[in-house]
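Below you'll find the structure, written out as structure tokens, and then a few comments.
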Amino acid sequence: MFDNIVFTANIVAPVFLIIAVGYFARKLKIINEAFVDVTAKFVFQISLPVFVFLEISRLDMTQVFDVEQIIFVTLGTILTYIFIWIGTIPFIKKPEDQSAFIQGAFRGNYAIVGLAIISNLFSAEALGKATLVLAFLLPVYNILAVIVLTVPKHQGKIKIRAITLEILLNPLILAVFVSLPISFFNLKLPVMIESTGTYFAELALPLALVGIGGSLNLENLKKASSLAFTASAIKIILLPLFLTVAAYFCGYRGNDLGILFIVFGCPTAIASFVMADAMGANSKLAGNIIMITTLGSVFTISAGILILKSFSLI
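When you line the sequence shown up against the working numbering, it's residues 4 to 317, in that order.
So this is what it looks like as structure tokens:
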């Protein structure tokens with residue numbers, strides 16, 4: 004048991020310690036809001052796409068492309084989204100609150116926190132496979148988020164063309180499109196390009212985690228509503244619990260089960276605040292959900308990994 008606790012700490016602690024560094028660096032005024040904003044843009048547009056590109060281009064697609072796992076993740080995300088939405092109808096009357104609640108309860112920060120934990124937890128091949136899952140999960144997240152931020156407020160027709168363009172021009176999606184032929188045909192990148200890309204890729208997760216820490220404001224925790232805590236409990240407790248159990252009964256074990264647990268157990272994505280603010284939802288509620296799930300997932304992800312490891316499931 005002690006060995007499993009040490010194992011779990013070695014996996015989870017580095018990720019959240021880097022987030023803590025970002026938080027205290029902001030408090031000590033080593034970094035500021037401008038730094039957080041600029042690094043977020045840099046990570047999203049350059050370093051994280053390079054990371055995704057390199058991880059997928061190094062894969063043997065015939066070995067790691069798992070259609071069933073991708074279907075499980077997609078269906079799991081869509082079904083929980085529908086159930087959460089239905090569950091809010093009797094209890095949340097304000098459309099601004101309903102939109103922020105639903106998005107906060109289903110949309111995870113898998114691209115940053117998830118991949119960071121998986122990179123510590125499993126082999127390079129598993130990380131590549133996890134990155135491939137991200138390629139299919141991102142469009143699903145974006146489409147569902149736009150729907151839930153539009154429909155409750157009766158803002159008119161959903162602009163399908165605009166959403167499609169936004170998804171196709173997403174730097175992470177572009178990185179996937181470019182890397183897939185390289186992986187499929189087993190092409191080798193020139194050493195100079197791969198070495199340069201590696202420098203950028205190695206910046207992605209640490210810089211993003213520092214940015215997450217720098218964006219946290221614990222003072223808001225005192226003012227957080229019951230809606231924020233309820234959405235957070237759904238996101239980091241109920242979703243990973245039910246969907247990991249479902250994955251177990253579907254026959255998933257080892258790396259695959261671990262990846263699925265992390266997919267559904269991640270804290271809420273920071274992008275949910277940006278979209279809520281831009282589309283007229285309750286951005287304060289969205290921000291509080293991000294903060295609570297980020298802090299709470301230290302314990303829930305640790306507990307999940309410890310349980311899975313103790314029962315030799317990963």
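Beta carbons are placed, not taken as given, at the ideal position from N, Cα and C, and that holds for glycine.
Residue i and residue j closer than 7 Å at C-beta
| i | j | result |
| --- | --- | --- |
| CYS269 | GLY25 | no |
| GLY14 | LEU168 | The sequence shown places Ile at residue 14, not Gly. Contact flag unset, no. |
| ILE317 | LEU311 | yes |
| ALA211 | ILE292 | no |
| ILE237 | SER60 | no |
| GLY299 | PHE264 | no |
| LEU224 | ALA119 | no |
| ALA227 | VAL53 | no |
| GLY217 | ILE34 | yes |
| LEU175 | VAL55 | yes |
| ASN7 | SER315 | no |
| ALA249 | LEU260 | no |
Straight-line Cα distance separating residue j from residue i
| i | j | result |
| --- | --- | --- |
| VAL266 | ALA133 | 9 Å |
| ILE240 | MET294 | 15 Å |
| ALA23 | PHE38 | 16 Å |
| ALA234 | MET282 | 19 Å |
| THR11 | ILE163 | 43 Å |
| ASP280 | PHE188 | 42 Å |
| VAL277 | PHE252 | 36 Å |
| THR83 | SER182 | 30 Å |
| ILE105 | ILE87 | 6 Å |
| THR201 | ILE21 | 20 Å |
Beta-carbon proximity list for residue i, same chain, < 7 Å, skipping 5 on both sides
| i | result |
| --- | --- |
| ASN112 | CYS269, PRO270, THR271, ALA272, ILE273 |
Residue burial classification, residue i (beta-carbon count within 10 angstroms, cutoff 16)
| i | result |
| --- | --- |
| LYS44 | exposed |
| GLU58 | buried |
| ALA178 | buried |
| THR91 | buried |
| THR65 | exposed |
| VAL194 | exposed |
| PHE19 | buried |
| LEU171 | exposed |
| VAL318 | For residue 318 there is no data in the structure shown, the boundaries of the chain being 4 and 317. |
| VAL46 | buried |
Close Cβ partners of residue i (< 8 Å) along its chain, the five nearest in sequence each way excluded
| i | result |
| --- | --- |
| ILE81 | VAL143, LEU147 |
| LEU140 | VAL76, THR77, THR80, TYR113, VAL266 |
Contacts around residue i, its chain only, beta-carbon distance under 6 Å, and the 5 residues preceding and following it disregarded
| i | result |
| --- | --- |
| PRO155 | PRO98, GLN101, SER102 |
| GLY214 | VAL39, THR42, ALA43 |
| ALA284 | GLU99, SER102, ALA103, LEU152 |
| ASN258 | PHE125, ALA129 |
Short CB-CB distance (under 7 Å) between residue i and chain D
| i | result |
| --- | --- |
| ALA211 | Looking for chain D here will not work: only one protein chain is present. |
Exercise. Starting from the N-terminal side, write out each stretch of the alpha helix (DSSP H) that is 4 residues or longer and does not extend beyond the stretch 180-243.
Key: Complete alpha helix (DSSP H) runs here, min 4: 194-218, 229-236.
Exercise. Note down, one range per segment and in chain order, each alpha helix (DSSP H) of at least 4 residues found wholly within the stretch 78-154.
Key: Qualifying alpha helix (DSSP H) stretches, in chain order: 98-109, 118-124, 127-153.
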